[in-house]
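J.: In order, the protein sequences belong to chains A and B. The numbering of the first sequence is my numbering, which starts it at 72 and goes up by one. The numbering of the second sequence is my numbering, which starts it at 3 and goes up by one. Glycine included, every Cβ here is placed at the ideal spot set by N, Cα and C. As the structure is a prediction and not an experimental result, all values here were calculated from the model. Here it is, the structure in full.
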Amino acid sequence: AQSVTQLGSHVSVSEGALVLLRCNYSSSVPPYLFWYVQYPNQGLQLLLKYTSAATLVKGINGFEAEFKKSETSFHLTKPSAHMSDAAEYFCAVSGRNTPLVFGKGTRLSVIA
Amino acid sequence: EADIYQTPRYLVIGTGKKITLECSQTMGHDKMYWYQQDPGMELHLIHYSYGVNSTEKGDLSSESTVSRIRTEHFPLTLESARPSHTSQYLCATSSLGQGPTEAFFGQGTRLTVV
């Protein structure tokens, strides 16, 4: 079985500060890992995905994530938060032919 | 433009009513999914399909049913709505592939049962 754990249901940062959203995964097979963002009353939008080609993955809107097998982690970062980054963020894992399994989500607030 | 369409976007309905949430896609994808999203954000897979006439139950027990008669259409039906069914329902699709294939989401249907 696969699962992800997102540490912190709510993260608050100041505008311009570093954003760090944590995700740890559990998988018995090489995992495929994803980060999604959800704005109010919207569906989920893909930020980035881990393809095993590179451990550091760059996504949209200046976000990136680093796959660390030794730590079973796939944390999401952005060097400088913008007000428009305020949203819900979901980490997800899947196997080769299995549906995505999502974490519980982290709400990011950005303070002016 | 390739997209995923969910209708209605918002629905308020009385207890005991039968409802069908529609999901259609022009993505050309074989895989389709229904996720239920709690008010507290967590998403749970309730049904999925990898092709026509193929449906599976997800991790979360659900009183809903689905059908997949056409590749592009994956409706979800509640025979008798209850207040516990109040939630947001998200439809998603993905392509068949060997690598990490991401899911694409519709905008969701927010259901309130009163």
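Which of the three DSSP states is assigned to G53 (chain B) in this structure?
T.: strand
J.: Please say whether Q39 (chain B) and L80 (chain B) have beta carbons closer to each other than 8 Å?
T.: no
J.: By alpha-carbon positions, which one of A:G87, A:Y121, A:I131 ends up nearest to E137 (chain A)?
T.: A:Y121
J.: Looking only at its own chain, which residues have a Cβ that is under 6 Å from the Cβ of S245 (chain A), when we skip the five neighbours before and after it?
T.: For residue 245 (chain A) there is no data in the structure shown, the boundaries of chain A being 72 and 183.
J.: So is M34 (chain B) in contact with chain A if we call contact Cβ pairs under 8 Å?
T.: no
J.: Does the count of Cβ pairs from the segment 158-173 of chain A and the segment 11-21 of chain B closer than 8 Å reach three?
T.: no
J.: Whether or not the segment 98-116 of chain B and the segment 54-62 of chain B are in contact is what I'm after, with contact meaning three or more pairs of Cβ atoms, one per stretch, closer than 8 Å; do they touch?
T.: no
J.: Looking only at its chain, what residues have a beta carbon closer than 8 Å to the beta carbon of T95 (chain B), apart from the 5 residues adjacent to it on each side?
T.: I6, Q27, M29, H31, K33, M34, Y35, A105, F106
J.: Taking Cβ positions only, does Y121 (chain A) come closer than 8 Å to chain B?
T.: yes
J.: Just curious, the beta strand (DSSP E) that Q109 (chain B) is in, first and last residue?
T.: Element bounds for Q109 (chain B): n/a, residue is neither H nor E.
J.: Just verifying my parser: in three-state terms, what is the DSSP assignment at H87 (chain B)?
T.: helix
J.: Suppose you measure from the CA of D61 (chain B) to the CA of N132 (chain A); what does that come to, to the nearest Å?
T.: 32 Å
J.: Which whole-angstrom value describes the C-beta separation of L91 (chain A) and H146 (chain A), a residue pair presumed to lie in contact below a C-beta threshold of 8 Å?
T.: 6 Å
J.: I want to see whether chain B comes within less than 8 Å of E142 (chain A), judged by CB atoms only; does it?
T.: So no, E142 (chain A) is outside the interface.
J.: For chain B, check one thing: does any of its Cβ atoms lie closer than 8 Å to the Cβ of K175 (chain A)?
T.: So, interface residue.
J.: Could you give the DSSP three-state label for I21 (chain B): helix, strand or coil?
T.: strand
J.: Work out the CA separation of V75 (chain A) and S97 (chain A) for me, nearest whole Å.
T.: 6 Å
J.: Nearest-angstrom Cα distance between V128 (chain A) and C162 (chain A)?
T.: 14 Å
J.: Checking contacts by CB at 8 Å: is L92 (chain B) closer than that to chain A?
T.: yes
J.: For chain A, is any of its Cβ atoms less than 8 Å away from the one on E24 (chain B)?
T.: no
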